[in-house]
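Chemist: Quick note, the sequences are listed as chains Y and P, same order. Per the numbering used here, the first sequence starts with residue 431, numbered consecutively. Per the numbering used here, the second sequence starts with residue 240, numbered consecutively.
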Amino acid sequence: GENVEQHPSTLSVQEGDSAVIKCTYSDSASNYFPWYKQELGKRPQLIIDIRSNVGEKKDQRIAVTLNKTAKHFSLHITETQPEDSAVYFCAANPGGSNYKLTFGKGTLLTVNP
Amino acid sequence: SAVISQKPSRDICQRGTSLTIQCQVDSQVTMMFWYRQQPGQSLTLIATANQGSEATYESGFVIDKFPISRPNLTFSTLTVSNMSPEDSSIYLCSVHVAGGPRVTGTDTQYFGPGTRLTVL
């Protein structure tokens, strides 16, 4: 089955700096890679996603890059703000499933003012 | 998008008892899922709730422990049976929605607020 590895498990940055979170996946059939943000005590919220026919996608201060050959994808947050502090999860769809997701273990991002 | 509610939001239960969690969506959705999130951990898929047929369980999860109902396209329940302290977790339902929000423009998955279960 699909295995999604996520690094680092914790990340602390100063406000205004950039943050990068990396994930690798094992199933070459995976073709959908969403990122979720979960604030303390809240539900996971989708913040950006990418499909395998695209190498990069950007939405304001967040971007995701995908390297299909190496089977890894990354989340980039620029100009970080304290409200970016949360746990971030990457995910991949095992077997190219239209619906199922396998999640990474999460990264706790702390943005220090 | 989809608005998802869950009941109860939290509960404290005794060992050996059962708890049924409800998930309600404001629109008809084909695919509904149940996840478990243990304290400080990631999200693990328990099962896919299929409307009109038996749920599809992931490895490590069985119907006797986690029976699921899906009577229609907007509602599902998950029962945690014969509970033990190891079942203490947050249980979340999620739905797959076609034609996602602006940020994705594609099919996407939304999560309910979760049910925080503590078993003593």
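Even glycine gets a Cβ: it sits at the ideal position worked out from N, Cα and C.
Check whether the stretch 525–533 of chain Y touches the stretch 455–464 of chain Y, taking contact to mean three or more Cβ pairs, one atom from each stretch, closer than 8 Å.
Modeler: yes
Chemist: Under 7 Å between beta-carbons, which chain Y residues line up against S281/P? List them in chain order, please.
Modeler: What S281/P touches in chain Y: F519, F533, G534, K535 and G536.
Chemist: At 7 Å on the CB atoms, spell out the chain P contacts of R473/Y, in chain order.
Modeler: L331, F350, G351, P352 and G353
Chemist: Can you tell me the Cα-Cα spacing of K246/P and M271/P, whole angstroms?
Modeler: C-alpha separation (whole angstroms): 16 Å.
Chemist: Would you mind giving the Cβ-Cβ distance between F519/Y and Y466/Y, rounded to the nearest angstrom? I have them listed as a contact below 8 Å.
Modeler: 5 Å
Chemist: In chain order, what residues of the stretch 282–308 of chain P put their CB closer than 9 Å to some CB of chain Y?
Modeler: L282, T283, L284, T287, E297 and S298
Chemist: Report all residues from its chain with a CB closer than 6 Å to the CB of I451/Y; omit the five preceding and five following residues, and keep chain order.
Modeler: L505, Y518 and T537
Chemist: R473/Y and G291/P - do their beta-carbons sit closer together than 8 Å?
Modeler: no
Chemist: From N523/Y to S248/P, what distance separates their C-alpha atoms?
Modeler: 28 Å
Chemist: Considering only residues of the same chain and omitting the five flanking positions on each side of G299/P, which have a CB-CB separation below 6 Å?
Modeler: none
Chemist: Using 8 Å as the limit for Cβ to Cβ distance, is P543/Y near chain P?
Modeler: Answer no: the Cβ-Cβ gap between P543/Y and chain P never drops below 8 Å.
Chemist: Counting only Cβ pairs nearer than 7 Å, list the residues of chain Y close to M270/P.
Modeler: Within chain Y, the residues Y529 have their CB atoms less than 7 Å from the CB of M270/P, given in chain order.
Chemist: Indicate the three-state DSSP secondary structure (helix, strand or coil) for D514/Y in the structure shown.
Modeler: helix
Chemist: Check the Cβ of T347/P against every Cβ in chain Y and list those closer than 8 Å, keeping chain order.
Modeler: P464, L476 and D479
Chemist: Thinking C-alpha only, which one of F314/P, G279/P, T316/P and S244/P is nearest S211/P?
Modeler: Nothing about residue 211/P can be read from this structure; chain P reaches only from 240 to 359.
Chemist: Give me the Cα-Cα distance between L496/Y and F350/P, rounded to the nearest whole angstrom.
Modeler: Those two C-alpha atoms are separated by around 24 Å.
Chemist: Looking at T532/Y and V434/Y, is the spacing between their C-beta atoms short of 8 Å?
Modeler: yes
Chemist: Are the beta-carbon atoms belonging to S257/P and S320/P less than 8 Å from one another?
Modeler: yes
Chemist: If we ignore side chains and look at the alpha-carbon of each, how far apart do A516/Y and I329/P end up?
Modeler: 17 Å
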